[in-house]
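Visitor: Pasting a structure below so you can have a look.
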Amino acid sequence: MLWDVDGTIVDASEGILTRLDRTLTDFGLPSPRPEELAHWIGPPLHVSFQENADMTPEQAAEAVVHYRAIARAHGFTEGARTYPGIVELIADLDAAGVAQATASSKPEDQVVALMEHFGIAPHLRATVGESADGRTLASKAAVIGEALQRLRAEGADTSRPILVGDRHHDIEGAAEYGIPVVFARWGFSWPHESEGAHAVVDDVAQLRALLLVESGDEA
Numbered sequence: 000m001l002w003d004v005d006g007t008i009v010d011a012s013e014g015i016l017t018r019l020d021r022t023l024t025d026f027g028l029p030s031p032r033p034e035e036l037a038h039w040i041g042p043p044l045h046v047s048f049q050e051n052a053d054m055t056p057e058q059a060a061e062a063v064v065h066y067r068a069i070a071r072a073h074g075f076t077e078g079a080r081t082y083p084g085i086v087e088l089i090a091d092l093d094a095a096g097v098a099q100a101t102a103s104s105k106p107e108d109q110v111v112a113l114m115e116h117f118g119i120a121p122h123l124r125a126t127v128g129e130s131a132d133g134r135t136l137a138s139k140a141a142v143i144g145e146a147l148q149r150l151r152a153e154g155a156d157t158s159r160p161i162l163v164g165d166r167h168h169d170i171e172g173a174a175e176y177g178i179p180v181v182f183a184r185w186g187f188s189w190p191h192e193s194e195g196a197h198a199v200v201d202d203v204a205q206l207r208a209l210l211l212v213e214s215g216d217e218a
């Protein structure tokens with residue numbers, strides 16, 4: 000079983016907004032308003048800088064490096080919190096024998112820091128995020144493929160995986176592997192983004208009822 004992180008497990012919007020503000024200010028660009036965060040959270044960061052700040056790919060690459068330097072300096076867990084009940088659900092799935100991994104567009108070192116900070120790491124077989132260079136694992140599909148590979152290396156059965164996510168990028172990336180997506184509406188999505196999902200849930204209680212029935216020994 001695969002988990003997106005931002006908007007699914009963790010609400011890191013406070014820290015993300017702070018880092019975006021610092022980065023865009025340093026590049027001489029206006030800061031995003033809080034209500035615009037839905038445009039930024041979820042997609043790979045280099046894509047967000049191009050789509051939301053009208054940067055060229057080269058400028059976006061520089062902005063990503065700058066943003067991540069700020070994140071390292073101030074701590075990856077700054078302002079982050081987990082959604083109510085999600086940590087307990089992950090722990091219960093682990094206890095039920097479900098092999099779990101993250102498949103996040105956040106840099107992997109940030110994902111590792113968050114999973115350790117919130118006590119989730121012991122319940123995961125693999126913690127996977129975007130590569131540090133932003134190129135090797137730059138797309139959601141590439142991250143998902145890497146997560147599946149690492150789960151298999153741990154001896155997990157990945158023949159019937161499920162991905163839980165909150166953006167259309169999760170659905171599109173999972174589609175490349177034929178993976179059904181459970182769409183979490185508590186994240187940062189727009190209403191239309193759930194199109195193509197296997198199921199849609201409004202809260203963690205609904206997700207719990209669905210996963211503990213359907214997932215069984217799935218990865």
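Letter by letter, the sequence shown follows residues 0 to 218 in numbering that gives the first Met the number 0.
Note that beta-carbon positions come from the ideal geometry of N, C-alpha and C, so glycine has one too.
Please read these numbers as outputs of a predicted model, since none were measured by experiment.
Would you identify the three-state DSSP class for Asp91, choosing helix, strand or coil?
Guide: Counting from one through the sequence shown, the residue named residue 91 turns up at place 92. Helix at Asp91.
Visitor: Would you report the Cα separation of Gly164 and Gly154, rounded to the nearest angstrom?
Guide: On the sequence shown, residue 164 is found 165 positions in, with the first residue counted as 1. On the sequence shown, residue 154 is found 155 positions in, with the first residue counted as 1. When rounded, the distance between both Cα atoms is 24 Å.
Visitor: I need the DSSP call for Trp39, collapsed to helix, strand or coil.
Guide: Residue numbering aside, residue 39 sits at position 40 when the sequence shown is read from its first letter. Note: Trp39 maps to helix in three-state DSSP.
Visitor: Under 7 Å between the Cβ atoms of Val9 and Thr126?
Guide: Taking the first residue of the sequence shown as 1, we reach residue 9 at position 10. Taking the first residue of the sequence shown as 1, we reach residue 126 at position 127. Contact: no.
Visitor: Whole angstroms is fine: what's the gap from Gly38's alpha carbon to Ile178's?
Guide: To locate residue 38, count along the sequence shown from 1; it is residue 39. To locate residue 178, count along the sequence shown from 1; it is residue 179. The residue asked about is misnamed: residue 38 is His in this sequence, not Gly. Each residue's Cα considered, the two are about 24 Å apart.
Visitor: Between His65 and Thr22, is the Cβ-Cβ spacing less than 7 Å?
Guide: Locating residue 65 in the sequence shown gives position 66, counting from the first residue. Locating residue 22 in the sequence shown gives position 23, counting from the first residue. Taking 7 Å as the Cβ cut-off, His65 and Thr22 qualify as a contacting pair.
Visitor: Taking buried to mean at least 16 other C-beta atoms within 10 Å of its own C-beta, is Gly6 buried or exposed?
Guide: Translated into positions along the sequence shown, residue 6 becomes position 7. Classification for Gly6: buried.
Visitor: Using the Cβ count rule (16 or more neighbours within 10 Å means buried), how would you classify Pro56?
Guide: The residue labelled residue 56 in the question sits at position 57 within the sequence shown. The residue in question, Pro56, is exposed, as its Cβ has fewer than 16 Cβ neighbours within 10 Å.
Visitor: Three or more C-beta pairs closer than 8 Å, one from the segment 135 to 149 and one from the segment 166 to 184: is that the case here?
Guide: Segments in contact, yes.
Visitor: What does a CB cutoff of less than 7 Å around Gln148 pick up in its chain, not counting 5 residues either side in sequence?
Guide: Taking the first residue of the sequence shown as position 1, residue 148 is located at position 149. Cβ neighbours of Gln148 beyond the five flanking positions: none.
Visitor: Excluding the 5 residues preceding and the 5 following Phe182 in the sequence, name in chain order all residues of the same chain whose CB lies nearer than 6 Å to its CB.
Guide: Residue 182 sits at position 183 when you count from the first residue of the sequence shown. Here the set comprises Ser193, Ala196 and Val199.
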